[in-house]
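Q:
Number of protein chains: 2
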Amino acid sequence: MSAQPRTARGTRTRARLLAAAEDVFASAGYHDASIVRITEQAGIGLGTFYLYFGGKQEIFDEVVNDLNARVRHAMTEAARTAEDRFDAEREGFRAFFRFTAQHPALYRIIRQAEFVSPGAQRRHYERIVRSYAHGLAAAQDAGEVRPLDPEVAAWALMGMGELIGMRYILWEAGGVGEADGAPRDIPDHVLDELMALIQRGLAPDAPPPAAPPREDVRHD
Amino acid sequence: MSAQPRTARGTRTRARLLAAAEDVFASAGYHDASIVRITEQAGIGLGTFYLYFGGKQEIFDEVVNDLNARVRHAMTEAARTAEDRFDAEREGFRAFFRFTAQHPALYRIIRQAEFVSPGAQRRHYERIVRSYAHGLAAAQDAGEVRPLDPEVAAWALMGMGELIGMRYILWEAGGVGEADGAPRDIPDHVLDELMALIQRGLAPDAPPPAAPPREDVRHD
DNA sequence: AGCAAACATGAAAGGTGATTCAGGTTACGG
DNA sequence: CCGTAACCTGAATCACCTTTCATGTTTGCT
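Sequence order for the protein chains is S and U.
Note that the working numbering has the first sequence beginning at 1, numbered continuously upward.
Note that the working numbering has the second sequence beginning at 221, numbered continuously upward.
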């Protein structure tokens, strides 16, 4: 069984194991990520691993939870300062892509969770959707988003982000040779195209054609 | 090394191995899918496996290619009779969801390909996107779709389908208890919501509202 | 300083699974 | 009804991994 560290040294050791595990799972995959590799990468003895984690699956789950919390934090934080729904969408997605660029582990690990830990995978997606759907519902009440099922929309929009991120962030921009290892940002035109799809998909229907404009629009 | 069968018996044996592999990879995952399990499920001797496949990874790749060809065929076939772009989208997605319901192996296997065979995974997605982007470009030329980058749009739309399928097909409809093992179709309202997003996202801009009356916008 | 409690360690036990191979069985042209 | 090529087989080999544990080291407290 795992145990919580009781001293500063133990805390540090546990954290190093977690970080190493994220690395190794992401680069080698669950199957090839042996405990030996994780402890080596962490610079820690093999046996020590079992002081803090019950086993391979247990540390995997913890890595998933950790990544989930971090990516949601990044997105929420980015969207918090937005003034309208569209701004929130754009900044949220931008934060997601940035996180993806800086932590490719997110994708690789979530995908593996399909078999390694289906429950953890499901929790990951559902947590993101929940807050996304909340945001959409609120925007809907405010009239910024047309009537729609916020949950279905949230899954669809998250899907767009997922594959766009995979293609344009993880699979380095196809074609243009870029050798440096620097994490690339989402190309502007890709984000623009994505936001255009989203905005048009969510926008309220235009008011009845030639709708009687309110008083803020003056006609003489 | 693998070898092609030279007799009817050999052909049958190879096909049984492939089918069994799809099953086992999908239900147990690559890691837990031992050759023993595959050959047992196929009702074939262990050693026989190596007459037809070079190893575990080789048969995995072949399963991926096979699934890819089948799902694309299903989608293309469904979209072929459509009269306009929107119809094509709807029928294509419907076919994709139906295929997903009938062959959950598709998702589970593609996701694992991330590590097992990144090349095969990439080919899978890229093949789907290529034909999707072609369709969009053609519709664009025909004026049925607004100006946009067909490739970016194709990735985004495929992403919607991927996550919607995962949520509403693979994760049996959340909440409503349905015990039977029958593959469920996509709920109508989900498909409707999805199509609404797509249609609005792709539709050409409405022609200048109410016949472009130049003279009514006066700035003195 | 002195002493528990925490912490660290890696050799070895106990498993599992991919792949090989030497030896049978089946199919089919002649 | 032969003979040969194709096909089939599963025990054995080899490699590698998770997990345990007996033994040593460090930390924090008094």
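All residues carry an ideal CB built from backbone N, CA and C; glycine is no exception.
1. Show which residues of chain U have a CB atom less than 7 Å away from the CB atom of R200 (chain S).
2. Flag this pair as touching only if the stretch 351 to 366 of chain U and the stretch 130 to 148 of chain S have three or more C-beta atom pairs under 8 Å; answer yes or no.
3. Would you report the Cα separation of T231 (chain U) and Q121 (chain S), rounded to the nearest angstrom?
4. At the level of alpha carbons, what is the spacing between R9 (chain S) and L46 (chain S)?
5. Using a C-beta to C-beta distance shorter than 8 Å, which residues of chain U count as neighbours of E91 (chain S)?
6. DSSP state of Q341 (chain U), grouped into three classes?
7. Closer than 8 Å, CB to CB, is L383 (chain U) near chain S or not?
8. Mind checking if E334 (chain U) is an interface residue toward chain S, Cβ cutoff 8 Å exclusive?
9. Determine whether the Cβ of R108 (chain S) lies closer than 8 Å to any Cβ atom of chain U.
10. Of all the CB atoms in chain S, is at least one closer than 8 Å to the CB of R343 (chain U)?
11. Counting contacts by CB-CB distance shorter than 8 Å, is G265 (chain U) in contact with chain S?
12. When you check each C-beta in the stretch 231 to 252 of chain U against every C-beta of chain S, which residues fall closer than 9 Å?
13. Enumerate in chain order the residues of its own chain whose CB-to-CB distance from P5 (chain S) is below 6 Å, with the five nearest sequence positions on each side excluded.
14. Is H189 (chain S) helix, strand or coil when you go by DSSP?
15. How many Å lie between T81 (chain S) and A88 (chain S) at the Cα?
16. Would you mind giving the Cβ-Cβ distance between G275 (chain U) and Q332 (chain U), rounded to the nearest angstrom? I have them listed as a contact below 8 Å.
17. For chain S, find out if any of its Cβ atoms is closer than 8 Å to the Cβ of R257 (chain U); answer yes or no.
18. Note down, in chain order, every chain S residue with its Cβ under 7 Å from the Cβ of V410 (chain U).
19. For R130 (chain S), which option in S:E114, S:L106 and S:A156 has the closest C-alpha, if you only look at C-alpha atoms?
20. Give the DSSP-derived three-state secondary structure of H323 (chain U) in the structure shown.
21. Chain S partners of R292 (chain U), CB-CB under 7 Å?
22. Using three-state DSSP, classify T11 (chain S) as helix, strand or coil.
23. Checking 8 Å against the spacing of the C-beta atoms, do L163 (chain S) and F93 (chain S) come in under that value?
24. Give the interface partners of R331 (chain U) over in chain S, defined as CB-CB distance under 7 Å, in chain order.
25. Heavy atom of the ligand GDP less than 7 Å from the Cβ of P204 (chain S), yes or no?
26. Report the rounded CA-to-CA distance for L422 (chain U) versus L197 (chain S), giving the unit in angstroms.
27. Can you tell me the Cα-Cα spacing of D405 (chain U) and D185 (chain S), whole angstroms?
28. For A42 (chain S) and chain U, any beta-carbon pair shorter than 8 Å?
29. Taking the alpha helix (DSSP H) that F273 (chain U) falls in, what are its first and last residues?
30. Pair every Cβ in the stretch 102 to 110 of chain S with every Cβ in the stretch 55 to 73 of chain S, then say whether three or more of these pairs are closer than 8 Å.
31. The stretch 270 to 283 of chain U: which residues have C-beta closer than 7 Å to a C-beta of chain S, in chain order?
32. As a quick exercise: from S:E114, S:P207, S:R127 and S:R90, pick the residue whose alpha carbon is nearest that of F245 (chain U).
A: Reading from the atomic positions:
1. Within the first sequence, residue 200 (chain S) is the residue found at index 200, counting from 1. Ordered by position in chain U, the residues that pass the 7 Å Cβ test against R200 (chain S) are R420 and G421.
2. Touching, no, given that fewer than three Cβ pairs across the two stretches are closer than 8 Å.
3. For the purposes of this step, residue 231 (chain U) is taken as residue 11 along the second sequence, with counting starting at 1. For the purposes of this step, residue 121 (chain S) is taken as residue 121 along the first sequence, with counting starting at 1. Cα to Cα, T231 (chain U) sits roughly 39 Å from Q121 (chain S).
4. Translated into the one-based positions of the first sequence, residue 9 (chain S) becomes position 9. Translated into the one-based positions of the first sequence, residue 46 (chain S) becomes position 46. So the alpha carbons of these two residues sit roughly 17 Å apart.
5. Counted from its first residue, the first sequence places residue 91 (chain S) at position 91. Going along chain U, no residue has its Cβ under 8 Å from E91 (chain S), so there is no contact; the nearest lies around 18 Å.
6. As a first step, residue 341 (chain U) must be located in the second sequence, where it is residue number 121. Three-state DSSP puts Q341 (chain U) in a helix.
7. For the purposes of this step, residue 383 (chain U) is identified with residue 163 of the second sequence, where counting begins at 1. Yes, because at least one Cβ of chain S sits closer than 8 Å to the Cβ of L383 (chain U).
8. To locate residue 334 (chain U), count along the second sequence from 1; it is residue 114. Answer yes: the Cβ-Cβ gap between E334 (chain U) and chain S drops below 8 Å somewhere.
9. Position 108 of the first sequence, counted from the first residue, corresponds to residue 108 (chain S). Proximity of R108 (chain S) to chain U, defined by a Cβ-Cβ separation below 8 Å, is satisfied.
10. Locating residue 343 (chain U) in the second sequence gives position 123, where the first residue counts as 1. Taking Cβ atoms only, chain S never reaches closer than 8 Å to R343 (chain U), which makes this a no.
11. Working through the second sequence from its first residue, we reach residue 265 (chain U) at position 45. At a cut-off of 8 Å between C-beta atoms, G265 (chain U) does not count as an interface residue with respect to chain S.
12. Listed by position along the chain: A248, G249, Y250, H251 and D252.
13. Translated into positions along the first sequence, residue 5 (chain S) becomes position 5. So the list reads T11 and R14, once near-sequence residues are dropped.
14. The count along the first sequence starts at 1 and reaches residue 189 (chain S) at position 189. The three-state reading of DSSP puts H189 (chain S) in helix, counting H, G and I together.
15. Sequence index remark: in the first sequence, residue 81 (chain S) carries index 81 (1-based). Sequence index remark: in the first sequence, residue 88 (chain S) carries index 88 (1-based). Their backbone Cα atoms lie some 8 Å apart in a straight line.
16. Counting from 1 along the second sequence, the entry for residue 275 (chain U) is found at position 55. Counting from 1 along the second sequence, the entry for residue 332 (chain U) is found at position 112. Between Q332 (chain U) and G275 (chain U) the Cβ distance is about 16 Å, and since that is not below 8 Å, they are no contact.
17. Stepping through the second sequence from its first residue, residue 257 (chain U) is reached at position 37. With 8 Å as the cut-off, R257 (chain U) does not count as an interface residue toward chain S.
18. As a working mapping, residue 410 (chain U) is identified with position 190 in the second sequence. Ordered by position in chain S, the residues that pass the 7 Å Cβ test against V410 (chain U) are V152.
19. Taking the first residue of the first sequence as position 1, residue 130 (chain S) is located at position 130. It is S:A156 whose Cα lies nearest to the Cα of R130 (chain S).
20. For this step, residue 323 (chain U) is matched to residue 103 along the second sequence. H323 (chain U) falls in the coil class under three-state DSSP.
21. Within the second sequence, residue 292 (chain U) is the residue found at index 72, counting from 1. Near R292 (chain U) there are no residues of chain S at all, since even the closest Cβ is about 16 Å away, more than 7 Å.
22. Numbered from 1 along the first sequence, position 11 holds the residue referred to as residue 11 (chain S). For T11 (chain S), the three-state secondary structure derived from DSSP is helix.
23. On the first sequence, residue 163 (chain S) is found 163 positions in, with the first residue counted as 1. On the first sequence, residue 93 (chain S) is found 93 positions in, with the first residue counted as 1. The Cβ atoms of L163 (chain S) and F93 (chain S) do not sit closer than 8 Å to each other.
24. Within the second sequence, residue 331 (chain U) is the residue found at index 111, counting from 1. For a Cβ distance threshold of 7 Å, residue set R111 and E114 of chain S lies close to R331 (chain U), ordered along the chain.
25. Of ligands this structure carries none, so the ligand GDP is not represented either.
26. Sequence index remark: in the second sequence, residue 422 (chain U) carries index 202 (1-based). Sequence index remark: in the first sequence, residue 197 (chain S) carries index 197 (1-based). Per the coordinates, the alpha-carbon of L422 (chain U) lies some 7 Å from the alpha-carbon of L197 (chain S).
27. For the purposes of this step, residue 405 (chain U) is identified with residue 185 of the second sequence, where counting begins at 1. For the purposes of this step, residue 185 (chain S) is identified with residue 185 of the first sequence, where counting begins at 1. The alpha-carbon atoms of D405 (chain U) and D185 (chain S) are separated by roughly 38 Å.
28. The residue you call residue 42 (chain S) lines up with position 42 of the first sequence. Closer than 8 Å: no.
29. Here the question's residue 273 (chain U) lines up with position 53 in the second sequence. Careful: F273 (chain U) lies outside any alpha helix (DSSP H) and carries neither H nor E.
30. Taking 8 Å as the limit for Cβ pairs, the verdict is that the stretch 55 to 73 of chain S does touch the stretch 102 to 110 of chain S.
31. The residues in question: there are none.
32. For this step, residue 245 (chain U) is matched to residue 25 along the second sequence. Relative to F245 (chain U), the option among S:E114, S:P207, S:R127 and S:R90 whose CA is nearest is S:E114.
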